[in-house]
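Mapping of the sequence shown onto our numbering: position 180 corresponds to residue 180, and the numbering continues sequentially without gaps. Note that the Cβ used here is the ideal one computed from N, Cα and C, for glycine as well.
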Amino acid sequence: MPSQKRRLAQQQNVNQKVAKQNCSITSFFNKDSTRTDETTVVETPTPTSNQDEVTQPITPSKPNNSKHKTGFDQAWLTAFTWLLVVKEPNSSGDMTDVMYCKLCKKHRTYGYNGSKTWVDNGYRCLRRDKIKEHQDSDQHKDSLKQEVNHTVSDMTAKISTTAQKSIRDALKVLYFLISHNLPLDMFSSFIDLCIELGATNLGNLRLAKCASYTSWDIVQELLDILSKEVTSTVII
1 MPSQKRRLAQ
11 QQNVNQKVAK
21 QNCSITSFFN
31 KDSTRTDETT
41 VVETPTPTSN
51 QDEVTQPITP
61 SKPNNSKHKT
71 GFDQAWLTAF
81 TWLLVVKEPN
91 SSGDMTDVMY
101 CKLCKKHRTY
111 GYNGSKTWVD
121 NGYRCLRRDK
131 IKEHQDSDQH
141 KDSLKQEVNH
151 TVSDMTAKIS
161 TTAQKSIRDA
171 LKVLYFLISH
181 NLPLDMFSSF
191 IDLCIELGAT
201 NLGNLRLAKC
211 ASYTSWDIVQ
221 ELLDILSKEV
231 TSTVII
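Put into structure tokens, the structure is as follows:
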């Protein structure tokens with residue numbers, strides 16, 4: 001059997017080993033706790049004053065590199081004779097330029113989708129490409145056709161009316177010669193005299209220097225007209 005002194009030595013060694021293990025375990029958990037505390041702590045910066053605040057640099061805005069220039073240009077009125085520009089209030093009450101189409105407004109021609117932009121509402125996007133886009137549209141072409149038809153009709157009516165007035169005044173001159181027993185070959189001279197005195201309608205009988213409608217041929221035609229008129233009056 002071991003002596004008492006030896007047993008005490010062995011017991012002391014055992015106690016030292018246990019104490020060493022406990023110390024190791026304790027230090028391990030303390031280390032984890034320290035790490036947990038370090039990771040969970042969030043430092044919140046406290047502002048000191050307005051002078052200490054760091055001002056972020058302002059990034060300059062990029063320039064507008066659009067190829068389309070906005071804003072009304074007076075040259076558009078020369079390039080597009082059908083363009084009408086008026087001042088109208090916008091939603092904010094400010095007066096702004098608004099574009100219309102004279103032809104579409106005149107003939108009340110709307111877009112095939114029922115759009116009334118260029119007729120009643122006005123177009124507020126002041127860009128040349130938008131004006132060109134309307135000029136090439138079917139809506140504008142339809143208005144242009146109507147305008148041409150109206151112009152031709154008006155010119156035809158005007159020419160017809162002018163010609164009628166010229167023939168009527170020429171008949172008056174011819175009637176004057178006949179009623180006063182004057183020679184009919186004086187017809188051309190009387191026409192020239194009336195023109196000099198301000199008879200504008202008779203001037204249309206001389207359309208060109210090489211084409212005179214005051215010759216003997218026109219006299220015969222006028223006499224034929226008068227004779228037919230007299231004949232129809234007598235018969236009635």
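Could you say which of the options lies nearest to residue i if we only look at CA atoms?
i, options, result
"Leu-126", "Leu-77, Gly-198 and Leu-177", "Leu-77"
"Asp-192", "Asn-181, Asn-204, Gln-220 and Pro-183", "Asn-204"
"Asp-120", "Glu-133, Ile-131 and Lys-106", "Lys-106"
"Asp-224", "Ile-167, Ser-160 and Lys-145", "Ile-167"
"Cys-194", "Ser-179, Val-173 and Gly-122", "Val-173"
"Ala-79", "Gln-135, Ser-189 and Ser-115", "Gln-135"
"Asp-73", "Ser-115, Gln-10, Ile-131 and Ser-160", "Ile-131"
"Thr-200", "Lys-165, Gly-71 and Gln-11", "Lys-165"
Check this for me: beta carbons of residue i and residue j, under 8 angstroms apart or not?
i, j, result
"Val-219", "Leu-182", "no"
"Leu-222", "Leu-177", "no"
"Arg-124", "Thr-96", "yes"
"Leu-197", "Asp-169", "no"
"Gly-122", "Glu-147", "no"
Report the partner residues of residue i according to the DSSP bridge assignment.
i, result
"Asp-97", "Lys-87"
"Tyr-110", "Paired residues: none, contrary to the question."
"Tyr-123", "Met-99"
Worksheet item: Is the region 96-103 close to the region 77-88, with three or more CB pairs under 8 angstroms?
Response: yes
Worksheet item: Per the contact definition of three or more C-beta pairs closer than 8 angstroms, is the region 134-152 in contact with the region 108-121?
Response: yes
Fill in: Complete runs of the beta strand (DSSP E) confined to the region 184-208 [at least 3 residues]
206-208
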